[in-house]
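S.K.: All the letters of the sequence shown, read from the start, carry residue numbers -17 to -1, 1 to 331 under mature numbering (1 follows the signal peptide of the UniProt record, and there is no 0).
No residue lacks a Cβ here, since even glycine has one placed at the ideal position from N, Cα and C.
One structure coming up, written as structure tokens, with questions to follow.
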Amino acid sequence: MNLLFGLALIIPSIVFGQTLNNVNIPKGLPYKISNPQYPGDTRWEKFSLEWNLEVEENARIKIVCRDIRMVQRGPWTDDCPNVFFSVTDGKGERKVCGSGIFNFVHKSDGPNLKVKIAAPGDGYAVISCTALNIGEPEPEEIVQLEPNGRAWRLNLYDDREPKPYLDRLWKFESPEGTRISFQCDMSLRSRSPTSCGFSVLTINDGVDSKEYCTPQRFVQFSKINKAKLRFQLDEYGDGRMECLVQAVTGPNANEYENVVSEEVDSSEHGVTPGSKKTSCKCGWANKNIARVVNGEETRINEFPWMVHLSVRFETDQGSFDATCGASIVTPRHIITAAHCVSVSGKVE
């Protein structure tokens, strides 16, 4: 008999008293695993329940068990002769037993994973797990980065609206000989400090992947000029992250810190050449110093090396924008009025 649960193909059978379930898990559809009586127990009876999980060849399976409880009359031993829970993949069998095992996490090393709970001796168990096909989704965007170009910022999710089983992927590329830096600030619902479940931020540095799932700020660099960022949420859909991504040519995460300052003649020029030499006052006009607020239209070249600066402030009362002028100092630095980058007197 074939059962179709959502889109997961389940083929159950009973062989020599063992219940076997062959399950093909498509992307985006979590598959629930539990004993038939859950949240009740399996009784004091010998039993064996087995799930043979499968995904496409280039994908992997992650299983998260929030509730594994077992009872037996004798003491617990490492060989778990009376009752146990196990997962088996290409690396072998991982078997556990005990009175309470919570937040069990396992990621398969290939497209197949066997899950088993059994009581060959004097014991019984309660289990509740979820298995997920963690094959990569199609990327939202392939972002091309340049060392002297704009940094790329990703902000998910400010609105605090739950996004159950969210799964989004971005790919990044930069010129040969450069690397990619990630500066991230994240907050996720983490149930275990040692193992990441379904709520996880994963960064692939071009060679290896690293998972982050606890509230933290971190910096990571790619090992080559390609990288990937993936953001996933569990069934509750709670979490946020903000990352600034740049192509860099040196050891610093911000490219402007890698730029070597070029010594140039900083003679003061406004409408006419200034009467003195300076070392750092590039862009100053030949006029009296005055605070510029709601300024007037300027003459051509009256303010050289000018840019338009737009600043967004995020506060507890909400967000607002400010717009100011600024003078270029280096390819990565500008000078502007202090009130353009401060809120309540605090420079942001």
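In whole angstroms, give me the CA-to-CA distance for Lys15 and Lys193.
M.R.: Position 32 of the sequence shown, counted from the first residue, corresponds to residue 15. Position 210 of the sequence shown, counted from the first residue, corresponds to residue 193. For Lys15 and Lys193, the distance between alpha carbons rounds to 26 angstroms.
S.K.: Looking at the unbroken beta strand (DSSP E) that takes in Ala42, where does it start and where does it end?
M.R.: In the sequence shown, residue 42 corresponds to position 59, counting from 1. Counting along the chain, Ala42 falls outside any beta strand (DSSP E), and DSSP gives it neither H nor E.
S.K.: Using the beta-carbon count (16 or more within 10 Å), is Asn131 buried or exposed?
M.R.: In the sequence shown, counting from the first residue as 1, residue 131 sits at position 148. Asn131 counts as exposed, since fewer than 16 other beta carbons sit within 10 angstroms of its beta carbon.
S.K.: With 16 as the cutoff for other CB atoms within 10 Å, does Ala102 come out buried or exposed?
M.R.: Looking up residue 102 in the sequence shown gives position 119. Buried.
S.K.: Suppose contacts are defined by Cβ-Cβ distances below 8 angstroms. Is Arg223 in contact with Leu139 by that definition?
M.R.: Position 240 of the sequence shown, counted from the first residue, corresponds to residue 223. Position 156 of the sequence shown, counted from the first residue, corresponds to residue 139. Yes.
S.K.: Would the segment 4 to 18 count as touching the segment 51 to 70 if we require 3 or more Cβ pairs under 8 angstroms?
M.R.: no
S.K.: Assess, as a yes-or-no matter, whether the segment 102 to 122 is touched by the segment 24 to 34 under the definition of 3 or more beta carbon pairs within less than 8 angstroms.
M.R.: They touch, by the three-pair rule.
S.K.: From the DSSP output, read off the bridge partner residues of Asp50.
M.R.: Position 67 of the sequence shown, counted from the first residue, corresponds to residue 50. Per DSSP, Ser111.
S.K.: Residues in its own chain within less than 6 angstroms of Ser178 by CB, not counting five upstream and five downstream?
M.R.: In the sequence shown, residue 178 corresponds to position 195, counting from 1. Excluding residues within five positions, the ones whose Cβ falls inside 6 angstroms are Val88.
S.K.: For Pro22, count neighbouring C-beta atoms within 10 Å of its own C-beta (all shown protein chains included) and say buried if the count is 16 or more, exposed if not.
M.R.: Here residue 22 corresponds to residue number 39 of the sequence shown, with the count starting at 1. By the 16-neighbour rule on beta-carbons within 10 angstroms, Pro22 is exposed.
S.K.: Which partner residues of Thr313 appear in the DSSP bridge assignment?
M.R.: For the purposes of this step, residue 313 is identified with residue 330 of the sequence shown, where counting begins at 1. Its beta-bridge partners are His316.
S.K.: Determine, using beta carbons only, whether Leu95 and Leu36 come nearer to each other than 8 angstroms.
M.R.: Along the sequence shown, read from residue 1 onward, the residue named residue 95 stands at position 112. Along the sequence shown, read from residue 1 onward, the residue named residue 36 stands at position 53. The sequence given here has Asn at residue 95, not Leu. Their beta carbons are under 8 angstroms apart, which means Asn95 touches Leu36 by this criterion.
S.K.: Leaving aside the five residues before and after Asp191 along the sequence, list all residues of the same chain whose C-beta is less than 7 angstroms from its C-beta, in chain order.
M.R.: Residue mapping note: residue 191 aligns to position 208 of the sequence shown, counting from 1. Result list for Asp191: empty, nothing under 7 angstroms.
S.K.: Keeping to the same chain, check which residues put their C-beta closer than 8 angstroms to that of Gly301; ignore five residues upstream and five downstream.
M.R.: Taking the sequence shown and counting its residues from 1, one reaches residue 301 at position 318. Correct list: empty, nothing qualifies.
S.K.: How far does the beta strand (DSSP E) with Trp153 in it extend, from its first residue to its last?
M.R.: Against the sequence shown, residue 153 aligns to sequence position 170. Looking at the DSSP string, the run of the beta strand (DSSP E) that includes Trp153 is 150 to 156.
S.K.: Between Ile46, Ile51, Phe68, which lies nearest to Leu115 when the distance is taken from Cα to Cα?
M.R.: One-based indexing of the sequence shown puts residue 115 at position 132. Leu115 has its Cα closest to that of Ile46, out of Ile46, Ile51, Phe68.
S.K.: Following the continuous beta strand (DSSP E) through Trp135, name the residue where it begins and the one where it ends.
M.R.: Numbered from its first residue, the sequence shown carries residue 135 at position 152. Start and end: 135 to 139.
S.K.: What are the start and end residues of the beta strand (DSSP E) that includes Ala102?
M.R.: As a first step, residue 102 is located in the sequence shown; it is residue number 119 there, counting from the start. Where Ala102 is concerned, the enclosing beta strand (DSSP E) stretches over 95 to 102.
S.K.: Check whether the Cβ of Glu119 lies closer than 8 angstroms to any Cβ atom in chain C.
M.R.: The chain labelled as chain C is not found in the depicted structure, where only one protein chain is given.
S.K.: At a cut-off of 7 angstroms, is Lys15 close to the ligand GTP when judged by its beta-carbon and the heavy atoms of the ligand?
M.R.: Looking at this structure, you won't find the ligand GTP or any other ligand, since it has none at all.
S.K.: Using only CA atoms, which one of Pro145, Glu297, Thr185 lies nearest to Glu119?
M.R.: Start at 1 with the first residue of the sequence shown, and residue 119 comes out as number 136. Among Pro145, Glu297, Thr185, the Cα nearest to that of Glu119 is on Thr185.
S.K.: Provide the residue(s) that pair with Asp72 in DSSP beta bridges, ordered along the chain.
M.R.: Taking the first residue of the sequence shown as position 1, residue 72 is located at position 89. Asp72 is bridged to Gly75.
S.K.: Could you please give me the residues that DSSP links to Phe30 through a beta bridge?
M.R.: The residue given as residue 30 occupies position 47 in the sequence shown. DSSP output for Phe30 lists Ala102 as bridge partner(s).
S.K.: Among residues of its own chain, excluding the 5 on either side of Thr71, which ones have a beta-carbon nearer than 6 angstroms to its beta-carbon?
M.R.: The residue labelled residue 71 in the question sits at position 88 within the sequence shown. Closer than 6 angstroms at the Cβ level, and outside the excluded window around Thr71, lie Lys97.
S.K.: Is Gln166 closer than 8 angstroms to Val202 when the C-beta atoms are compared?
M.R.: In the sequence shown, the residue the question calls residue 202 occupies position 219. In the sequence shown, the residue the question calls residue 166 occupies position 183. Closer than 8 angstroms, so yes.
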